[in-house]
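First to last, the sequence lines map onto chains A and B. Per the numbering used here, the first sequence runs over residues 1058 to 1317. Per the numbering used here, the second sequence runs over residues 9 to 353. Heads up, the beta-carbon is just placed ideally off N, CA and C, and yes, glycines get one too. Following: one structure in structure tokens, then a few remarks.
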Amino acid sequence: MNRQAQAAVLLLTGGAILHTGLTDLYLRYVKAGLRPLLLAAGVVLIATAVATVWYDYRGVRAESVTGTEPGTESVTGVESGAVTGTGPHTHREPRVAWLLVLPLLALVLVAPPALGSYSAMRTGTALQEQPWGFEDLPPGNTVRLSLVDYAGRAAYDHGRSLEDRRIRTAGLVAVGDDGTPYLVRMALSCCAADAQPVKIGLTGRTPPVLRPDTWLEVTGTYTAKRTRDPVNDGIIPFLAVTEAKPVSAPRDPYDESWNG
Amino acid sequence: MTTTDTAPPGVEDREPDEPREQGSSGDPKGWQFNSPLVLTMLLLAGVVLQDPLRGALSAPVMQSWMTVFVAVMVQALPFLVLGVLLSAVIAVFVPPSFFARALPRKPALAVPVAGMAGAVLPGCECASVPVAGALVRRGVTPAAALAFLLSAPAINPIVLTATAVAFPGEPRMVLARFVASLLVACAMGWLWQRLGRTDWLRPPDRPSSEGLGKGAAFWGSVRHDVMHAGGFLVVGAMVAATLKAVVPADWLGHAAGNPVVSVLVLAVLAVLLSICSEADAFVAGSLTQFSLTARLAFLVVGPMIDLKLFAMQTATFGRGFALRFAPATFTLAVLVSSLVGAVLL
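Next up, the structure:
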């Protein structure tokens, strides 16, 4: 890949990173806290592209001033007067750089969705016991809790801190091999490569048709029913559903409460 | 590597033409390889074939592969850029005499000093590879630069804080990670000093920056490193995405029972998953069926050697080096973390 093409790839990659950072697209792939770094990286990449073109242009001008023939080869990327030698010793630009086109195409043209039920059902539930106990619920008859919070209280506190109240929570639908409906939230600590699901089972008045990967807001009460995740033997608590309605996916599809 | 089939079609077979564009003038025989043209064609083809591509990629396996692939790239690029900028600063603005003064003259002493210095590079492993490469080129003794390379991603404050958060109630885990990582880094440095040969270290050719202004040299170094290490990062990201999307997770459960097997399994898993060192603690925290020692091995091995790092080390130091260095690091990291785990955990 010669310098002009490299400049183009750098420019496009920087632009794509800026685009992901400036829209909510980046939340599909990385944690929210990475945004300033993404924007900075995008700016640096674009600056590198501009600098590459600029120094090439100056190199070509310098060559034409000193009388070197400014042939087509100079334009398409000679080492601007710094060629270390001739013949076999000329430095070859990195060939592996062509691979950078792949993530660029994937990000710009496909923009793959956030991880969903497929990954969730292949990975064991990541519910962990919290040693510092559970805070009291806010007042009110119906309490809105994150799915991870409900799962923790139901699994490790046996629902004691839930005080028989109505719980409202949201997550994406996944269906187990045996047909059990689950509500899942993918929890993430850095990027989607380390995302892990927290699952709760749905029982009671679940909707008759459940499409995997759609988002559902359910209202219900604690139930002592629980099961074990077949993948890693983790606890999957259940929620006795009284009401369920489809909702749109939240802005940040991942639960980031582990990031503190 | 298994990447040639996924490489942009029609590029590999024309590579032999590539050098012609670079210097030797006026050789008009045959088709001239013209990278801007090929790049334009590639991008155009991508845009035109957008819909069929999306259709082919709509299977859940492919989608989750793509998501993890893009996620690893998006997550690693800022740290790669940070490392590349630092490495360009070292290469262009810091005179070699600075390191001669900052580090002890005796390599045996320089190794632990450089290892401890790793604590100040706030980033993950993607940043430390280009920086270590620049240190070697700047005349730092390779043993010390390698100790820095291994310790920096594991013992910096961000990573240690993440470890403390991921292992609530187990503060000894943070200490064990710090001690084991630093021990392995220093041991590898000393090992290199005794057994290492400089001809193994064969960094690939770089454009010479002699005769260039500081600005041109700086940006030339940034461009080269981003393109070069970035390309290898793509290789690592593809392999990691394949493992995450294709290999089932439940076989892990079978290995947790045996203490020796579980350490080895998690060490291998750390290599395969190639998770950023700032996030691996959270994954280790959720592997609750494994012993703390096995999880310590996961945390010590991961930042030092994984698929993504191996690809980047090959890029920076040459294949002969990476092929020797990686297995040695792996073995030593497993042994040391087992020992430290037995003592501390």
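Of all Cβ atoms in chain A, is any one closer than 8 Å to the Cβ of B:V291? yes
Would a check of beta-carbon distances place B:P36 closer than 8 Å to chain A? The pLDDT assigned to B:P36 is 43, lower than 50, so where the model puts this residue is not dependable; a value taken from the coordinates is nonetheless given after this. So no, B:P36 is outside the interface.
Spell out a yes or no on whether the segment 297-315 of chain B and the segment 267-282 of chain B are touching, meaning 3 or more CB-CB pairs, one atom from each, closer than 8 Å. As far as the Cβ criterion goes, the segment 297-315 of chain B touches the segment 267-282 of chain B, which means the pair count is three or higher.
Hey, would you say B:F156 sits closer than 8 Å to B:G177, going by beta carbons? no
Taking only beta-carbon positions, decide if A:Y1207 is within less than 8 Å of chain B. no
Burial state of B:T339 (16 or more Cβ within 10 Å): exposed
Give me the subset of the segment 1241-1261 of chain A whose CB atoms are less than 9 Å from a CB atom of chain B, sorted by chain position. A1244, L1245, S1246, C1247, C1248, A1249, A1250, D1251, A1252, Q1253
Between the C-alpha atoms of A:T1299 and B:S66, what's the straight-line distance to the nearest angstrom? 34 Å
Which whole-angstrom value describes the C-beta separation of A:V1275 and A:T1226, a residue pair presumed to lie in contact below a C-beta threshold of 8 Å? 6 Å between Cβ atoms; contact.
Flag this pair as touching only if the segment 1226-1246 of chain A and the segment 1210-1218 of chain A have three or more C-beta atom pairs under 8 Å; answer yes or no. Counting Cβ pairs under 8 Å, fewer than three are found: no touch.
Return the bridge partner residues of A:T1278 from the DSSP annotation. In the DSSP output, where bridge partners are listed per residue, A:T1278 has A:A1297.
Against A:S1218, what residues of chain B qualify as contacts under a CB-to-CB distance less than 8 Å, listed in chain order? None at all; the shortest Cβ gap to chain B is about 18 Å.
According to the Cβ coordinates, are B:V344 and B:A160 closer than 8 Å? no
Taking 8 Å as the CB-CB cut-off, is A:L1273 touching chain B? no
Could you tell me the alpha carbon to alpha carbon distance between A:V1135 and B:I98, rounded to whole angstroms? Here the model assigns A:V1135 a pLDDT of 39, short of 50, so the residue's position is not dependable and the matter cannot be decided.
Might you give, ordered along the chain, the residues of its own chain that have their beta carbon closer than 6 Å to the beta carbon of B:A96, omitting 5 neighbours on each side? F226, S229, V230
A:Y1112 CB to nearest chain B CB: under 8 Å? yes
B:T296 - containing alpha helix (DSSP H), residue span: That residue, B:T296, is in no alpha helix (DSSP H); it is neither H nor E in DSSP.
Residue burial classification, B:E286 (beta-carbon count within 10 angstroms, cutoff 16): buried
From B:T337, B:G54, B:L111, B:L47, residue whose alpha carbon lies closest to that of B:A193: B:T337
Should B:M81 and B:V242 be called a contact, given that it needs their Cβ atoms to be closer than 8 Å? In contact: B:M81 and B:V242 (Cβ atoms closer than 8 Å).
What did DSSP end up calling B:C194 once you bin it into helix, strand or coil? helix
Sort B:L183, B:P44, B:A152 by Cα distance to B:A118 and report the nearest one. Closest option to B:A118, Cα to Cα, is B:A152.
Whole alpha helix (DSSP H) runs in the segment 42-86 of chain B with 4 or more residues, listed along the chain? 43-56, 58-64
Which stretch, first to last residue, makes up the beta strand (DSSP E) that contains A:K1088? No beta strand (DSSP E) holds A:K1088; DSSP gives it neither H nor E.
What residue ranges within the segment 102-157 of chain B form continuous beta strand (DSSP E) runs of no fewer than 3 residues, ordered along the chain? none
Counting Cβ pairs, one atom from each stretch, are 3 or more of them under 8 Å apart for the segment 76-94 of chain B and the segment 1067-1083 of chain A? yes
In chain B, which residues lie with their C-beta within 8 Å of the C-beta of A:V1101? V89, L93, V230
Please say whether A:K1256 and A:D1235 have beta carbons closer to each other than 8 Å? no
Per-residue burial, A:Y1279 [other beta carbons within 10 Å of its own, 16 or more giving buried]: With 16 or more neighbouring CB atoms inside 10 Å of its own CB, A:Y1279 falls in the buried class.
Could you check whether the Cβ of B:R113 sits closer than 8 Å to any Cβ belonging to chain A? Answer no: the Cβ-Cβ gap between B:R113 and chain A never drops below 8 Å.
Taking only beta carbons into account, state which residues of the segment 270-290 of chain B come closer than 9 Å to chain A, listed in chain order. L281, S282, I283, C284, E286, A287, D288, A289, F290
In the DSSP assignment, the alpha helix (DSSP H) including A:G1078 goes from what residue to what residue? 1060-1079
Should B:S136 be labelled buried (16 or more other beta-carbon atoms within 10 Å of its own) or exposed? By the 10 Å Cβ count, B:S136 comes out buried.
Inter-stretch contact at 8 Å, needing at least 3 Cβ pairs: the segment 314-321 of chain B / the segment 196-204 of chain B: no
Does A:Y1279 get closer than 8 Å to chain B when you measure Cβ to Cβ? no
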